Amino acid sequence: SIMYANNEIGSIQDIKTLCKIAHKYGAYFHTDAVQAIGNIKVDVVDLDIDALSLSSHKFYGPKGVGALYVKKGISFEALIHGGSQEKSKRAGTENVAGIVGLGKAIEIADENCENNVKKYVGFREKIISEIVEKNSDIFINGDIDNRLANNLNLYIKNVNNSQLVTMLDMENIFVSGGSACHSGSSNPSHVIMALFNDEKIANSSIRITFGKYNTEKEIEVFIKKLQSIIIKLRK
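Numbering (the numbering used here), first residue to last: 24 to 258.
Below is the structure:
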């Protein structure tokens with residue numbers, strides 16, 4: 024089981040190649056595509072994957088609803104035992120409204136994917152040109168080319184990410200020092216630690232992500248606020 028795209032640094036895995044390797048040795052292959060759906064085109068037939076999981080809220084669908092794709096002919100153990108719903112694979116009353124909402128949301132996400140990606144790339148390039156390229160002590164974490172368009176993870180030298188996140192929050196600008204899953208944790212990002220094995224880098228890195236409702240003006244405001252806060256924190 025491999026994460027299709029990383030939720031902190033946006034790195035996209037070569038799922039098709041990895042799946043071929045798994046199949047070569049007789050293993051089933053699953054991918055967690057929660058971050059990928061809506062941000063890149065995903066074709067389960069072309070990838071030849073055996074299973075894929077996704078979450079509705081990541082592409083503006085209802086919260087609390089997800090889906091599991093399983094290739095025809097593959098059997099698996101039930102998630103919840105009891106009734107015969109979902110072909111005896113998931114007992115309990117289905118959330119019909121949520122399921123319909125997920126279906127419509129993924130349809131819209133697929134239609135708008137290309138335009139959204141173009142917009143996100145523009146946002147990201149603007150931040151890189153104004154923040155990264157003009158500062159020799161700010162670096163991009165992860166592969167800049169092979170990553171989600173709506174993701175940018177920066178290492179800002181000599182700046183504590185917790186303080187930076189808090190000060191941006193006071194300006195109604197929301198970034199994070201890691202994934203939302205570990206937002207309450209005081210530990211450094213395990214993803215950044217895996218990359219560099221350096222707590223100083225992990226504790227000075229922030230994750231910036233964009234959504235379809237963000238505007239060019241908001242990115243300009245973010246850049247100005249980020250620049251001024253970095254100066255304050257380094258004094």
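Using N, Cα and C, we set each Cβ at its ideal position, and we do this for glycine too. For clarity, every value in this text was computed on a predicted model and none was experimentally measured.
Taking residue i as the reference, which of the options has the closest Cα?
{"i": "SER227", "options": "ASN164, GLY121, ILE196", "result": "ASN164"}
{"i": "LEU177", "options": "TYR143, GLY96, LEU249", "result": "LEU249"}
{"i": "LYS240", "options": "ASP168, LYS142, ASN174", "result": "LYS142"}
{"i": "HIS80", "options": "VAL88, ASP73, ILE167", "result": "VAL88"}
{"i": "SER76", "options": "LYS95, ALA114, MET26", "result": "MET26"}
{"i": "TYR83", "options": "ALA217, LEU41, ILE196, LYS127", "result": "LYS127"}
{"i": "LYS110", "options": "PHE99, ASN118, SER152", "result": "PHE99"}
{"i": "LYS235", "options": "PHE162, ILE246, ASP166, ALA172", "result": "ALA172"}
{"i": "PHE321", "options": "ALA28, VAL123, PHE233", "result": "Residue 321 lies beyond the residue range present for the chain, which begins at 24 and ends at 258; the question has no answer from this structure."}
{"i": "SER124", "options": "LYS86, ASN181, ALA28", "result": "The question names Ser, but residue 124 in the sequence shown is Gly. The shortest Cα separation from GLY124 among LYS86, ASN181, ALA28 belongs to LYS86."}
{"i": "ILE167", "options": "ASP221, GLN108, ILE242, ILE150", "result": "ILE150"}
{"i": "LEU70", "options": "ILE97, THR40, ASP55, TYR92", "result": "THR40"}
{"i": "ALA225", "options": "ILE231, ASN237, SER212", "result": "SER212"}
{"i": "ASN118", "options": "HIS104, ILE97, ALA90", "result": "ALA90"}
Following the continuous alpha helix (DSSP H) through residue i, name the residue where it begins and the one where it ends.
{"i": "SER76", "result": "Unbroken run through SER76 is the beta strand (DSSP E), 74-78; no alpha helix (DSSP H)."}
{"i": "ASN169", "result": "Element bounds for ASN169: n/a, residue is neither H nor E."}
{"i": "TYR143", "result": "119-150"}
{"i": "GLN186", "result": "184-192"}
{"i": "GLN250", "result": "239-257"}
{"i": "VAL155", "result": "That residue, VAL155, is in no alpha helix (DSSP H); it is neither H nor E in DSSP."}
{"i": "ALA50", "result": "It is not in any alpha helix (DSSP H) - ALA50 carries neither H nor E in the DSSP assignment."}
{"i": "PHE219", "result": "213-219"}
In or out: residue i buried (at least 16 other Cβ within 10 Å) or exposed?
{"i": "ASN139", "result": "buried"}
{"i": "VAL214", "result": "buried"}
{"i": "SER34", "result": "buried"}
{"i": "PHE146", "result": "buried"}
{"i": "VAL68", "result": "exposed"}
{"i": "ASP37", "result": "exposed"}
{"i": "SER24", "result": "exposed"}
{"i": "ARG170", "result": "buried"}
{"i": "ILE285", "result": "Any property of residue 285 remains undetermined from this structure, which presents the chain solely from 24 to 258."}
{"i": "LEU102", "result": "exposed"}
{"i": "ARG257", "result": "exposed"}
{"i": "ILE185", "result": "Correcting the residue type first, residue 185 is Ser in the shown sequence and not Ile. Exposed, by the Cβ-count rule."}
{"i": "GLU31", "result": "buried"}
{"i": "ALA28", "result": "buried"}
{"i": "GLN108", "result": "exposed"}
{"i": "ALA217", "result": "exposed"}
{"i": "GLY106", "result": "exposed"}
{"i": "ILE229", "result": "buried"}
Taking residue i as part of the beta strand (DSSP E), name the residues at either end of that continuous run.
{"i": "ARG230", "result": "228-232"}
{"i": "ILE161", "result": "161-163"}
Name the DSSP beta bridge partners of residue i, please?
{"i": "ASP55", "result": "MET26, SER76"}
{"i": "ALA90", "result": "LEU77"}
{"i": "ARG113", "result": "ILE103"}
{"i": "TYR178", "result": "PHE162, SER228"}
{"i": "SER34", "result": "ARG170"}
{"i": "ILE259", "result": "Nothing about residue 259 can be read from this structure; the chain reaches only from 24 to 258."}
{"i": "SER98", "result": "DSSP output for SER98 lists no bridge partner at all."}
Can you tell me whether residue i sits near the ligand GTP, meaning its C-beta is under 6 Å from at least one heavy atom of the ligand?
{"i": "LEU171", "result": "The ligand GTP is not part of the structure shown, which contains no ligands of any sort."}
**Message:** Quick test of the definition: if touching needs 3 or more C-beta pairs under 8 Å, does the region 121-136 touch the region 60-79?
**Reply:** Contact between the region 121-136 and the region 60-79 is present, because at least three Cβ pairs lie under 8 Å.
**Prompt:** Looking at C-beta atoms only, is the number of pairs between the region 39-49 and the region 178-192 that lie closer than 8 Å three or more?
**Reply:** No, the region 39-49 is not in contact with the region 178-192.
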